[in-house]
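To start, the structure itself, in structure tokens.
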Amino acid sequence: MTVYETDVPGVGRKFEYELDGDDRLVLVVHHDGKREVFRRRSAEADSEKLFELDDQQAREFGTLLEGAYFQPLDLERVQVPLGEEIIEWHDVTADSSLVGRSLSESNVRRETGTSILAVQRDGETIANPEPDFEFGAGDVVVALGTRAQHGTLADLASN
Amino acid sequence: MAEILVELGITFTALAVAGALATRANQSVIPAYILAGVVVGPNPPLSLGPIDLTLVAHRPILDVGAELGVVFLLFFLGLEFSPDRLLARPTRLFGVGATDFLVNFGAGLALAAAFGFPLLTAMFLASIVYISSSAVVTKSLVERGWIADPESDVILGTLVFEDLLIAVVLAILTAVALGGGGVGAVLVSVGRSGAFLAALAAVAVYGTPYVERLLSVEADELFLLFAVGITTLVAGEALVLGVSEAVAAFFVGTAFGQTDHDERLELVVGPTRDLFAAVFFFSIGLTTDVTAFLDVWVLLAVAVVVTSLSKLASGVLGGRVYGLSRRRSLRVGVGLVPRGEFSLVIAALATTAGASIPRTDELASFTVGYVLVMSVLGTVAMQYADGVTAFRSREH
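Chains A and B, in that order, give the protein sequences.
So the first sequence is numbered by the numbering used here: it starts at 1 and just counts up by one.
So the second sequence is numbered by the numbering used here: it starts at 160 and just counts up by one.
See below:
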């Protein structure tokens with residue numbers, strides 16, 4: 001991947017991203033956060049403006065491009081490796097014995113060996129939940145552990 | 160107090176209306192701001208049928224605002240001027256910048272000689288026709304989308320070179336103009352000015368950590384006050400010492416631009432520049448007597464033709480030096496045609512120096528007319544260049 005970065009005095013910064021051959025995507029980031037995206041199909045062609053976004057929109061759209069917000073993969077199988085340990089997401093079902101119990105009561109860490117990093121509930125993420133945090137059906141538990149430990153936690157979360 | 164407030168209100172409202180009209184017509188706001196000043200100022204036109212148009216007498220408060228406009232225009236020039244950038248590809252950029260200077264400053268000197276201006280006034284005239292308008296050119300580049308194409312690198316590189324050179328020229332011209340008569344007095348003035356600016360430049364180069372700490376305040380409000388306070392204070396001190404306040408502000412901007420605060424400065428202090436720069440253009444309009452254009456129309460007409468062609472030629476040459484195609488090189492030439500704020504800053508300096516420079520009245524009227532024509536002509540030419548160069552590219 002080749003990206004050319006230039007200062008544009010009085011405007012902001014310009015990035016040129018090489019596609020195939022001479023074809024380039026050109027991104028102009030203005031000082032006020034506005035992003036303009038152009039495409040120049042060949043060295044001699046004029047850049048055509050594709051779209052323009054404000055700072056907030058660009059960040060949101062950027063996560064879509066990155067695949068961070070929505071992955072065309074099954075969420076269950078998303079794994080982030082950290083050496084031996086991996087981070088996985090587990091859905092807490094209504095049948096789970098965790099529902100209605102707090103983090104300290106359920107003693108997830110001793111039972112499964114995993115550490116709970118965060119819980120996602122109704123689109124919000126509760127990072128580092130407190131010991132008195134109570135699990136509910138529909139929660140998504142983000143945990144760190146080995147593959148075997150995740151297996152135990154997955155069982156706990158589903159029944 | 161009531162009267163001052165009303166006049167300020169008229170000023171800002173007139174600027175807002177003029178700016179809105181210019182934007183709608185797809186034109187630069189600079190000529191619109193000047194014309195707004197002409198319309199409501201104490202010179203003709205004085206009335207529109209029964210309606211009295213002399214709404215704003217020339218008030219001292221507007222002069223202060225205009226002065227701050229000059230200071231912040233140059234401050235931002237310094238802010239966006241990065242020595243690293245100039246040194247990134249020094250030889251090519253230097254080649255382009257030097258070509259631009261020799262051709263256009265030379266054309267200015269030739270013009271001045273043809274119209275019999277004495278040397279000092281000729282230097283001012285050459286500077287006025289030499290320097291392209293960063294504000295108009297950059298804005299047009301963004302609007303036309305040329306910003307994404309390689310010609311914009313050459314255009315912007317040339318602007319950076321011009322800006323640095325004009326800081327030097329301004330420093331010298333100020334020292335000479337304010338130094339008054341006698342070679343000795345001028346030398347003392349130039350020396351003092353050089354020492355002061357060298358000190359500022361040293362801060363800009365070596366003082367970055369201190370400036371960084373100075374500007375590290377959480378609240379935007381305090382940040383704004385620090386930036387505006389220091390810039391105005393240094394510029395004021397410079398003027399007290401007979402040094403160009405504009406160039407001092409340029410160096411303060413450079414010093415600030417070396418820190419990590421440059422983006423925040425754009426965001427927080429940018430509106431301050433926009434406000435006072437508008438007042439500066441407005442006050443130029445206030446002092447302009449459009450009937451005086453009649454006295455300089457021959458010079459004006461010749462200058463418009465000659466300096467448009469000289470910019471076109473130097474731009475095309477510069478583009479070729481940079482290895483651009485003919486089509487892109489032509490755009491470099493067209494892109495550099497607009498003249499604006501800095502031509503006015505130079506003319507304002509000549510007017511301030513007044514007595515020691517011959518034929519300043521003529522120079523002032525000429526500059527306003529010249530900027531009005533060139534800022535509009537340049538923007539329109541860029542619109543046409545799109546069509547012409549697109550046609551040429553289909554031919555190949």
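The C-beta atom is built at its ideal place from N, Cα and C for all residues, glycine as well.
Please read these numbers as outputs of a predicted model, since none were measured by experiment.
Item: F15 of chain A: contacting residues in chain B (beta-carbon distance under 7 angstroms); Value: Per Cβ cutoff of 7 angstroms: no residues; F15 of chain A is ~10 angstroms from chain B at best.
Item: Backbone CA spacing between V465 of chain B and A266 of chain B [nearest angstrom]; Value: 7 angstroms
Item: V141 of chain A versus R121 of chain A - alpha carbon distance; Value: 9 angstroms
Item: Minimum C-alpha distance to S441 of chain B - residue among B:A161, B:A354 and B:I220; Value: Residue 441 of chain B is actually Phe in this sequence, not Ser. Taking only the C-alpha atoms, the option nearest F441 of chain B is B:I220.
Item: Cutoff 8 angstroms: E105 of chain A Cβ touching any chain B Cβ; Value: no
Item: Spatial distance of F240 of chain B from L144 of chain A (CA atoms); Value: 49 angstroms
Item: Buried or exposed by the 16-neighbour rule on C-beta atoms within 10 Å, applied to E554 of chain B; Value: For E554 of chain B, the predicted model reports a pLDDT of 46, less than 50, meaning its position is unreliable and no value from the coordinates is stated.
Item: Within 8 angstroms, strictly: CB atoms of S291 of chain B and L332 of chain B; Value: no
Item: Burial state of E88 of chain A (16 or more Cβ within 10 Å); Value: buried
Item: Per-residue contacts from S484 of chain B into chain C (C-beta, under 9 angstroms); Value: The structure shown has no chain C; the protein chains it does contain are A and B.
Item: Cut-off 7 angstroms between Cβ atoms - residues of its own chain near V230 of chain B, not counting five sequence neighbours on either side; Value: T390, T391, A394, E404, A405 and A408
Item: Simplified DSSP assignment, three categories, for A52 of chain A; Value: Here residue 52 of chain A is Glu; the residue named in the question, Ala, does not match the sequence. The answer is strand: DSSP assigns E52 of chain A an E or B state.
Item: T418 of chain B to G237 of chain B span [Cα, whole Å]; Value: 12 angstroms
Item: Beta-carbon separation (whole angstroms), G256 of chain B vs F320 of chain B, contact threshold 8 angstroms; Value: 3 angstroms
Item: For F274 of chain B, the three-state DSSP class (helix, strand or coil); Value: coil
Item: Cα-Cα separation between R109 of chain A and E66 of chain A, rounded to whole angstroms; Value: 32 angstroms
Item: CB-CB length for V480 of chain B against G254 of chain B, believed under 8 angstroms; Value: 5 angstroms
Item: Segments of 4+ residues assigned as alpha helix (DSSP H) that fall wholly inside the stretch 329-404 of chain B; Value: 342-365, 367-373 and 379-399
Item: Under the three-state DSSP convention, the category K14 of chain A falls into; Value: strand
Item: Nearest-angstrom beta carbon gap, L522 of chain B and F234 of chain B [assumed within contact, 8 angstroms]; Value: With a Cβ gap of about 25 angstroms, F234 of chain B and L522 of chain B do not count as contacting.
Item: Helix, strand or coil at D222 of chain B according to DSSP, with G and I counted as helix; Value: helix
Item: Residue(s) in a DSSP beta bridge with A179 of chain B; Value: Answer by DSSP bridge pairing: none, since A179 of chain B is not bridged.
Item: Residue-level contact to chain A via CB, A540 of chain B, 8 angstroms cutoff; Value: no
Item: Burial state of W305 of chain B, where buried means 16 or more other Cβ atoms lie within 10 Å; Value: buried
Item: Delimiting residues of the alpha helix (DSSP H) encompassing T431 of chain B; Value: D421 to T446
Item: Under 7 angstroms (Cβ pairs) to chain A, residues found in the stretch 302-314 of chain B; Value: G304, I306, A307, D308 and D312
Item: Reference V532 of chain B, options B:L459, B:E377 and B:F276, closest by Cα; Value: B:L459
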